[in-house]
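Participant:
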Amino acid sequence: MNWRSRGVRWLAGALVVVAAVGGGVWVLTSRAEPAPRPVTLDEAARLAMARYTTFQNSPVRVRVEAPMAGNTVVVEGVVDYRQHHAVGSYEFAGSSVGLVAWDDRGLAVAPGRQADPLVAAGSMRPTDWSPRSYTTDPLDAGLRLSMLMGQDRPDNAQVLAEQGPRWLRAEVIDGKSYGVFAGPRPSSANDSGQSPLTYWIDETGGLRRVTRQLADLDGALVIDFPGGRAGQVPANPWQSR
169 MNWRSRGVRW
179 LAGALVVVAA
189 VGGGVWVLTS
199 RAEPAPRPVT
209 LDEAARLAMA
219 RYTTFQNSPV
229 RVRVEAPMAG
239 NTVVVEGVVD
249 YRQHHAVGSY
259 EFAGSSVGLV
269 AWDDRGLAVA
279 PGRQADPLVA
289 AGSMRPTDWS
299 PRSYTTDPLD
309 AGLRLSMLMG
319 QDRPDNAQVL
329 AEQGPRWLRA
339 EVIDGKSYGV
349 FAGPRPSSAN
359 DSGQSPLTYW
369 IDETGGLRRV
379 TRQLADLDGA
389 LVIDFPGGRA
399 GQVPANPWQS
409 R
């Protein structure tokens, strides 16, 4: 990935993401899994609340993992959905490390490795950052997708239910139960098709994980919202140069 490409042309990129399930998950029952089924109205309401709940909890911690060049690139950071800004640290193949800031339109990177990327980013000058537009790289698409996971109002549960989301199974992550749902399907999808998006949502509509399959890549991308205390996202990467 060309981390040094400069320019402030924050062009919207194509949304192409792959998905995976990380560690710490097990199925609630050892019996054969039931076939996917249409969601109930209550389950559609949970789906409808997921992005709004994430927005309400903002700023929130996020972890993005993406396959790249036979390895995995990991971003850990914080997203502020009210400001539409996010900052974190990235690590690729255990050696290439740095800071990354992203929003709805693009990302910027900066050198550095510290335990708290928010503190590190807040101490840097705006000129320390190298901004660029999103590309179709899996990580770029994953960062962009993470910005879509919070909005200031619930989705319409009835409309969602009509768009074909399906209940897949129940799982536990870190001791908490989640329903796993295939997301709404495009209107062009046939009856047997399944959305590339999968959501892990608790009973109150809290979003824990979202994944998306990418047809032309082996490997996976997963976006986790692990909860816990999140600091404020610094404004430095977005200040005028």
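At position 108 of the sequence shown (counting the first as 1) the number is 276 in the numbering used here, and the numbers step up by one without a gap.
Beta carbons are placed, not taken as given, at the ideal position from N, Cα and C, and that holds for glycine.
Here the structure is a predicted model, which means the values were calculated and not measured.
1) Leu307 lies in the alpha helix (DSSP H); which residues open and close that run?
2) Which whole-angstrom value is the C-beta distance of Ala329 and Ala212, which I expect to be below 8 Å?
3) Can the beta-carbon of Pro352 be found closer than 8 Å to that of Ala216?
4) What's the gap between the Cα of Asn404 and the Cα of Thr295?
5) Using a threshold of 8 Å, state whether the C-beta atoms of Trp368 and Ile391 are closer than that.
6) Going by DSSP, which residues form a beta bridge with Tyr367?
7) State the start and end residues of the unbroken alpha helix (DSSP H) segment that holds Trp288.
8) Please classify Asp308 as buried or exposed, where buried requires at least 16 neighbouring CB atoms within 10 angstroms.
9) Within this structure, are the beta carbons of Val232 and Val247 separated by less than 8 Å?
10) Which term fits Arg388, buried or exposed, when burial requires 16 or more other beta carbons within 10 angstroms of its beta carbon?
11) Could you say which of Tyr249, Pro394, Leu313 lies nearest to Ser226 if we only look at CA atoms?
12) Measuring alpha carbon to alpha carbon, tell me which residue in Ser314, Val255, Val265 is nearest Ala446.
13) Helix, strand or coil, according to DSSP, for Thr240 in the structure here?
14) Candidates Ala338, Leu209, Tyr258: which alpha carbon is nearest Pro202's?
15) Reducing DSSP to helix, strand and coil, say where Val327 ends up.
16) If we ignore side chains and look at the alpha-carbon of each, how far apart do Phe260 and Ser301 end up?
Facilitator: Taking the coordinates as given:
1) Taking the sequence shown and counting its residues from 1, one reaches residue 307 at position 139. Note, Leu307: alpha helix (DSSP H), 306 to 315.
2) Position 161 of the sequence shown holds residue 329. Position 44 of the sequence shown holds residue 212. About 4 Å separates the two Cβ atoms, so the contact holds.
3) Position 184 of the sequence shown, counted from the start, is the residue given in the question as residue 352. Position 48 of the sequence shown, counted from the start, is the residue given in the question as residue 216. It is not a contact, given that the beta carbons lie outside the stated cut-off.
4) Here residue 404 corresponds to residue number 236 of the sequence shown, with the count starting at 1. Here residue 295 corresponds to residue number 127 of the sequence shown, with the count starting at 1. Going from the Cα of Asn404 to the Cα of Thr295 covers about 9 Å.
5) Within the sequence shown, residue 368 is the residue found at index 200, counting from 1. Within the sequence shown, residue 391 is the residue found at index 223, counting from 1. Cβ distance not < 8 Å, so Trp368 and Ile391 don't count as in contact.
6) Residue mapping note: residue 367 aligns to position 199 of the sequence shown, counting from 1. Note: Tyr367 sits in a beta bridge opposite Phe349, Val378.
7) As a first step, residue 288 is located in the sequence shown; it is residue number 120 there, counting from the start. Per the sequence shown, residue 288 should be read as Ala rather than Trp. Looking at the DSSP string, the run of the alpha helix (DSSP H) that includes Ala288 is 285 to 290.
8) Translated into positions along the sequence shown, residue 308 becomes position 140. Answer is buried; the Cβ neighbour count reaches 16.
9) Here residue 232 refers to the residue found at position 64 when the sequence shown is read from its first residue. Here residue 247 refers to the residue found at position 79 when the sequence shown is read from its first residue. The answer is no: Cβ separation not under 8 Å.
10) Mapped onto the sequence shown, residue 388 falls at position 220. The residue asked about is misnamed: residue 388 is Ala in this sequence, not Arg. That one is buried.
11) Along the sequence shown, read from residue 1 onward, the residue named residue 226 stands at position 58. Among Tyr249, Pro394, Leu313, the Cα nearest to that of Ser226 belongs to Tyr249.
12) Coverage of the chain is limited to positions 169 through 409, which leaves residue 446 absent and any answer about it impossible.
13) Within the sequence shown, residue 240 is the residue found at index 72, counting from 1. In this structure, Thr240 counts as strand in the three-state DSSP scheme.
14) Here the question's residue 202 lines up with position 34 in the sequence shown. Of the candidates Ala338, Leu209, Tyr258, the one whose C-alpha sits nearest the C-alpha of Pro202 is Ala338.
15) Within the sequence shown, the letter at position 159 stands for residue 327. DSSP places Val327 in helix when its eight states are reduced to three.
16) For the purposes of this step, residue 260 is identified with residue 92 of the sequence shown, where counting begins at 1. For the purposes of this step, residue 301 is identified with residue 133 of the sequence shown, where counting begins at 1. Going by the C-alpha atoms only, they are around 20 Å apart.
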